[in-house]
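**Student:** Before I ask anything, here is the structure I am working with.
Residue numbers (the numbering used here), protein chains in the order written: chain A, 8 to 271; chain B, 226 to 350.
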């Protein structure tokens, strides 16, 4: 099992071109990295979250939660969305960009699948590697945002340590992504502040503040908790056209528009 | 170059088809079926793991079912792996059938011949 874990760590190094802070991939687990800051590295798993609304996590009343301060623009958008999972699911008419177009989930939605992510921690950067669609983001430490941040799926993130808490500031999000599977919207002006804390050896808590004046009349908060997984396993999950065509042919009896890649 | 243009065109044509399976919307979540069945195939694949089953109905006629499970990373957390089922395994299975009447379903739980149980999708509230 250690070989598998080490191989994954080496793959991460190859993929990202970084030097992995060795405590992140060793068999022993330290609460505090040798640089004196907390060690967040490891594989983490949370529960499936339908909605980031603290009062309505299972999304029973999307758009009328009471704790989400929608602007009229955001409320209209929220009411028009048709999620593809959960109690309000639709198949043919979903507007979920991640499922309709295979768009990347964006952030923080990427973290709230019931799938794992790995944190790789170096002195200058922290990397979050998700199983879901094999996607990742980097958090640059102790640096300002770039002068003109790109608009991107996962935004631009910078962070700094405040005691035992990693405070992450992110901007530059593509406005087509949803914050969560129920469809909470945002604009390109979205600014996320995260306070990330390892509250005990087994538990990592992300506290989000969403500040987006176009979408919300005031900042609002969501919180997600993750548990440490020590088996070293990260499983591939890549969503391809060929797999989707195969699924739709077999389950929906739909004729594929292009020949399905044969599996050899 | 021409081949690249054709390939890109095919990709664009295929893109709208990504309206993906849609979770439970295909299935009748008010109706949970329980069957004893023989595994005919087990595909450990994305977007969803697939199980093919042959189940004998009350009339004695065998019906072939194709059931979907969550994707591999989710199942790993529930104790599955790509060898959890083998062709020929006799299992007891519960699932939501398709609303359309097609022989496809949404797998909830299965019990193997040795009594061990594996959980697939969560039941809908």
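For each residue, glycine too, the CB sits at the ideal point set by N, CA and C.
Quantities reported herein were computed from a predicted structural model and do not represent experimental measurements.
With a 10 Å radius around its C-beta and 16 neighbouring C-beta atoms as the bar for buried, classify residue 220(A) as buried or exposed.
**Tutor:** Label assigned to residue 220(A): exposed.
**Student:** Answer with buried or exposed for residue 145(A), where buried requires no fewer than 16 other C-beta atoms within 10 angstroms of its C-beta.
**Tutor:** Flag for residue 145(A) reads buried.
**Student:** Whole alpha helix (DSSP H) runs in the region 185 to 271 of chain A with 4 or more residues, listed along the chain?
**Tutor:** You should have 248 to 259.
**Student:** Would you say the region 113 to 121 of chain A touches the region 176 to 183 of chain A, given that touching needs at least three Cβ pairs under 8 Å?
**Tutor:** At 8 Å Cβ cutoff, the stretches touch.
**Student:** Comparing alpha-carbon positions, which option in 173(A), 213(A), 205(A), 61(A) lies nearest residue 147(A)?
**Tutor:** For residue 147(A), the nearest C-alpha among the options comes from 173(A).
**Student:** Can at least three beta-carbon pairs, one atom from the region 266 to 276 of chain B and one from the region 239 to 246 of chain A, be found at a separation below 8 Å?
**Tutor:** Yes, they touch.
**Student:** Mind checking the region 202 to 235 of chain A against chain D and listing, in chain order, the residues whose C-beta falls within less than 7 Å of any C-beta there?
**Tutor:** Note that chain D does not occur in the displayed structure, where the protein chains are A and B.
**Student:** Using 8 Å as the threshold, is the C-beta distance between residue 58(A) and residue 69(A) below it?
**Tutor:** Yes; because the gap between Cβ atoms is below 8 Å, this pair is in contact.
**Student:** Can you tell me where the alpha helix (DSSP H) with residue 86(A) in it begins and where it stops?
**Tutor:** Its alpha helix (DSSP H) spans residues 79 to 87.
**Student:** Return the bridge partner residues of residue 167(A) from the DSSP annotation.
**Tutor:** Answer is 174(A).
**Student:** Applying a beta-carbon distance threshold of less than 7 Å, which residues of chain A neighbour residue 296(B)?
**Tutor:** Within chain A, the residues near residue 296(B) are 244.
**Student:** I need the straight-line Cα distance from residue 205(A) to residue 227(A), nearest angstrom please.
**Tutor:** Approximately 22 Å, taken between the alpha carbons.
**Student:** Identify the contact partners of residue 260(A) in chain B, using a Cβ-Cβ distance below 8 Å as the criterion.
**Tutor:** Going along chain B in sequence order, the residues near residue 260(A) (Cβ under 8 Å) are 327.
**Student:** So residue 342(B) packs on residue 264(B), CB below 8 Å; how close in whole Å?
**Tutor:** That pair is no contact at about 15 Å.
**Student:** Taking DSSP as the reference, what is the three-state secondary structure of residue 345(B)?
**Tutor:** Residue state, collapsed to three classes: coil.
**Student:** Within 10 angstroms of the Cβ of residue 270(A), are there 16 or more other Cβ atoms? Answer buried if so, exposed if not.
**Tutor:** So residue 270(A) ends up on the exposed side.
**Student:** If you compare alpha carbons, which of 265(A), 233(A), 222(A), 239(A) is closest to residue 80(A)?
**Tutor:** Of the candidates 265(A), 233(A), 222(A), 239(A), the one whose C-alpha sits nearest the C-alpha of residue 80(A) is 222(A).
**Student:** What are the start and end residues of the beta strand (DSSP E) that includes residue 322(B)?
**Tutor:** From DSSP, the beta strand (DSSP E) with residue 322(B) extends over 315 to 322.
**Student:** Under the three-state reduction of DSSP, which class applies to residue 297(B): helix, strand or coil?
**Tutor:** Helix, per DSSP.
**Student:** Could you work out which residues of chain B lie near residue 85(A), taking near to mean beta carbons separated by less than 7 Å?
**Tutor:** Going along chain B, no residue has its Cβ under 7 Å from residue 85(A), so there is no contact; the nearest lies around 19 Å.
**Student:** Please classify residue 163(A) as buried or exposed, where buried requires at least 16 neighbouring CB atoms within 10 angstroms.
**Tutor:** Residue 163(A) is buried by the Cβ-count criterion.
**Student:** Identify every residue that forms a DSSP beta bridge with residue 264(B).
**Tutor:** Answer is 278(B).
**Student:** Could you work out which residue in 327(B), 275(B), 329(B) is closest to residue 305(B) when comparing CA atoms only?
**Tutor:** Nearest of 327(B), 275(B), 329(B) to residue 305(B), Cα basis: 275(B).
**Student:** I'd like to check one pair, residue 47(A) with residue 203(A): are the Cβ atoms closer than 8 Å?
**Tutor:** Contact flag set, yes.
**Student:** Within 10 angstroms of its Cβ, does residue 170(A) collect 16 or more other Cβ (buried), or is it exposed?
**Tutor:** Counting Cβ neighbours within 10 Å, residue 170(A) comes out exposed, since fewer than 16 surround it.
**Student:** What residues of chain A sit near residue 270(B), judged by a beta carbon separation below 9 Å?
**Tutor:** Residues of chain A passing the Cβ test: 250, 253, 254, 270.
**Student:** Note down, in chain order, every chain B residue with its Cβ under 7 Å from the Cβ of residue 240(A).
**Tutor:** Correct list: 301.
**Student:** Given this structure, state the Cα-to-Cα distance separating residue 303(B) from residue 49(A), to the nearest angstrom.
**Tutor:** Taking the straight line from one Cα to the other gives about 19 Å.
**Student:** Given this structure, state the Cα-to-Cα distance separating residue 296(A) from residue 136(A), to the nearest angstrom.
**Tutor:** The shown model of chain A, from 8 to 271, leaves out residue 296(A), and the question about it has no answer.
**Student:** Is there a Cβ of chain B sitting closer than 8 Å to that of residue 136(A), yes or no?
**Tutor:** Residue 136(A) does not count as touching chain B.
**Student:** So is residue 332(B) in contact with chain A if we call contact Cβ pairs under 8 Å?
**Tutor:** Judged by the 8 Å Cβ criterion, residue 332(B) is not in contact with chain A.
**Student:** Under DSSP, the alpha helix (DSSP H) around residue 147(A) begins and ends at which residues?
**Tutor:** Where residue 147(A) is concerned, there is no enclosing alpha helix (DSSP H), although the beta strand (DSSP E) it sits in stretches over 143 to 148.
**Student:** Going by the CB atoms, is the gap between residue 330(B) and residue 300(B) shorter than 8 Å?
**Tutor:** Cβ distance not < 8 Å, so residue 300(B) and residue 330(B) don't count as in contact.
**Student:** Residues of the region 112 to 135 of chain A with a CB closer than 7 Å to any CB of chain B: list them in chain order, please.
**Tutor:** Hits within the stretch, in order: 121, 122, 123.
**Student:** Closest to residue 165(A) by CA distance: which of 153(A), 249(A), 218(A), 263(A) is it?
**Tutor:** Of the listed residues, the one whose Cα sits closest to residue 165(A) is 153(A).
**Student:** For residue 37(A), count the other beta carbons within 10 Å of its own beta carbon; 16 or more makes it buried, fewer makes it exposed. Which is it?
**Tutor:** Residue placement at residue 37(A) is poorly supported in this model, since its pLDDT is 44, which falls under 50; the coordinates still yield a value, given next. Residue 37(A) should be labelled exposed.
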